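The opening position of the sequence shown corresponds to residue 60 in our numbering, with each subsequent residue numbered one higher.
Glycine residues also receive a C-beta, built at the ideal position from the N, C-alpha and C atoms.
Everything numeric in this text was worked out from a predicted model, so none of it was measured.
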Amino acid sequence: ISGVIPLWLIQKGVNGLALWIDIKGSVQESDETNNIVSQGFLWPALPDLIVQDVTFEKMSSNGKSVMGKFTIKNIGEGVATVSPDTGVIKIKIEPINSDGSVPEGRTKILGQTDNLPPGQEKTYNYALSLYPNLKQVKFTVDNNGVEVLISESNESNNELVKDIPSQFLVAE
């Protein structure tokens, strides 16, 4: 006997599953008290990390760099716990050229070293060097480029791509 339980039937917290065979007692048995088996399990509340509130401000008078500011927020119901492998929640910052390519050697990896409880956020500043052909910046939280590091309720909202404001674009 096998079956599938629709996920919409499972709720966060403690759940129970019971299997009852011969519920109406149609089959004569020597022991009618062992026709049910049950098991409890915990479905945890999960975090949901997003990137928001990206801004760019002039940093140098020569126009070759800007100060970027962005916020990581946990909009989920569970705590975002730092990765036991790395000791951080990884944040990747990638400049994107006008042709969509990511230039080698310009990606930055930041690390959030504290857990992030539900509803909490953390704001970061970073220096971004400007160069001709730079058009956008992509921010990714909880992804090292190969695998997801923290299980979340929504893994599809971990990225945000922001255009470089026109006043900071460098002529070729």
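Beta-carbon proximity list for residue i, same chain, < 7 angstroms, skipping 5 on both sides
{"i": "N156", "result": "P162, N192, L193, K194"}
{"i": "I134", "result": "D107, I109"}
{"i": "G84", "result": "E91"}
Residue i to residue j span [Cα, whole Å]
{"i": "G164", "j": "Y185", "result": "16 angstroms"}
{"i": "T92", "j": "G99", "result": "20 angstroms"}
{"i": "P103", "j": "E231", "result": "52 angstroms"}
{"i": "Q111", "j": "K128", "result": "10 angstroms"}
{"i": "V96", "j": "L208", "result": "35 angstroms"}
{"i": "V220", "j": "N213", "result": "18 angstroms"}
{"i": "S225", "j": "G159", "result": "17 angstroms"}
{"i": "V229", "j": "G137", "result": "42 angstroms"}
{"i": "Y190", "j": "I131", "result": "26 angstroms"}
Whole-number beta carbon distance between residue j and residue i, since they are thought to touch under 8 angstroms
{"i": "N216", "j": "I109", "result": "5 angstroms"}
{"i": "K149", "j": "G170", "result": "6 angstroms"}
Three-state class that DSSP yields for residue i in the structure shown
{"i": "Q195", "result": "strand"}
{"i": "S225", "result": "helix"}
{"i": "L175", "result": "strand"}
{"i": "G170", "result": "strand"}
{"i": "P154", "result": "strand"}
{"i": "M118", "result": "coil"}
{"i": "D34", "result": "Coverage of the chain is limited to positions 60 through 231, which leaves residue 34 absent and any answer about it impossible."}
{"i": "V73", "result": "strand"}
{"i": "Q87", "result": "coil"}
{"i": "S124", "result": "strand"}
Chain-order list of residues whose beta-carbon lies under 6 angstroms from that of residue i (same chain, five-residue window excluded)
{"i": "L175", "result": "N133, A139"}
{"i": "S89", "result": "none"}
Closest by C-alpha distance to residue i, when choosing among the options
{"i": "E180", "options": "L208, V200, I152", "result": "V200"}
{"i": "D144", "options": "T172, K167, S124", "result": "T172"}
{"i": "Y183", "options": "F198, S97, E88", "result": "F198"}
{"i": "I247", "options": "N121, L76, K151, T114", "result": "Any answer about residue 247 is impossible in this case: the structure gives the chain only from 60 up to 231."}
{"i": "V73", "options": "M118, L101, N94", "result": "L101"}
Close beta carbons around residue i, own chain, < 8 angstroms, minus the five adjacent residues each side
{"i": "S188", "result": "K123, S124, R165"}
{"i": "D222", "result": "K194, Q195"}
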